[in-house]
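Numbered per this note's numbering, the sequence shown finishes at 298, counting up by one with no gaps. Note that CB positions come from ideal geometry on N, CA and C, so glycine has one too. Everything on this sheet refers to the single structure shown next.
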Amino acid sequence: MARIDKQNGLPEKANFTAKDRAFMQKAIDLSMKNIEEGGGPFGAVIVRGDELIAEGANRVVPNNDPTAHAEVMAIRNACHKLQTFDLSGCTVYTSCEPCPMCLSALYWAGIDRICYACTKRDAADINFDDSYIYDQLRLDYDSRSIHCEHFMRDEAMVAFRRWSEKEDKTEY
């Protein structure tokens, strides 16, 4: 019998394997350990097949780095270990639904599958609310809370043209 998600009353997907559950438990364990180490309650692991490739925990406060979210740390560790920026064929198991930054990074890394435990609403309930970022992304530049100014395009286009013409580049 499928477990019922208390937040939305819907059945949790039943097609998760014992290995899925073990990898998710590892991400949850990392989130618990990270709290004791001064970080936020977030952990993530990246897996290819049955192999655990890398782990990451939220290090925003200890590292004074607002980009040091669990998923980003796991991506960095996986890419370093595998010596590639392409993580296609991999799954990320994360203790919480990825924020907009992490979701973007997972797309850029080529991750095939994202499995998460807590939802973005659960995160908002403990003051990790990303809804304002989602709202900002829907707005035109002129309406966003961060003032965006566009200038010196012609000068910057020189580098873009050089890149476009470069024959021995690595595309990503």
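Residue(s) in a DSSP beta bridge with residue i
i      : result
Cys225 : In the DSSP output, where bridge partners are listed per residue, Cys225 has none listed.
Val171 : Glu181, Tyr219
Tyr242 : Thr220
Spatially closest choice to residue i from the options, by CA coordinates
i      : options                        : result
Ile272 : Thr143, Tyr258, Arg279, Met283 : Tyr258
Thr220 : Asp176, Ala183, Arg264         : Ala183
Asp155 : Tyr267, Arg202, Pro226, Ala243 : Ala243
Between the CA atoms of residue j and residue i - distance to the nearest angstrom
i      : j      : result
Ser290 : Val284 : 10 Å
Leu178 : Val171 : 7 Å
Cys241 : His276 : 37 Å
Ala231 : Asp266 : 22 Å
Met199 : Thr143 : 25 Å
Thr210 : Lys246 : 29 Å
Lys141 : Gln151 : This sequence places Asn at residue 141; Lys is not what is there. Each residue's Cα considered, the two are about 16 Å apart.
Thr217 : Lys145 : 12 Å
Counted within 10 angstroms of its Cβ, other Cβ atoms place residue i as buried (16 or more) or exposed
i      : result
Gly175 : exposed
Leu263 : exposed
Lys295 : exposed
Ala282 : exposed
Phe149 : buried
Contacts around residue i, its chain only, beta-carbon distance under 8 Å, and the 5 residues preceding and following it disregarded
i      : result
Val187 : Gly164, Gly165, Gly166
Contacts around residue i, its chain only, beta-carbon distance under 6 Å, and the 5 residues preceding and following it disregarded
i      : result
His195 : Asn184, Cys228
Cβ-based neighbour list, residue i, same chain, cut-off 7 Å, excluding 5 preceding and 5 following
i      : result
Gly236 : Asp212, Leu213, Ser214
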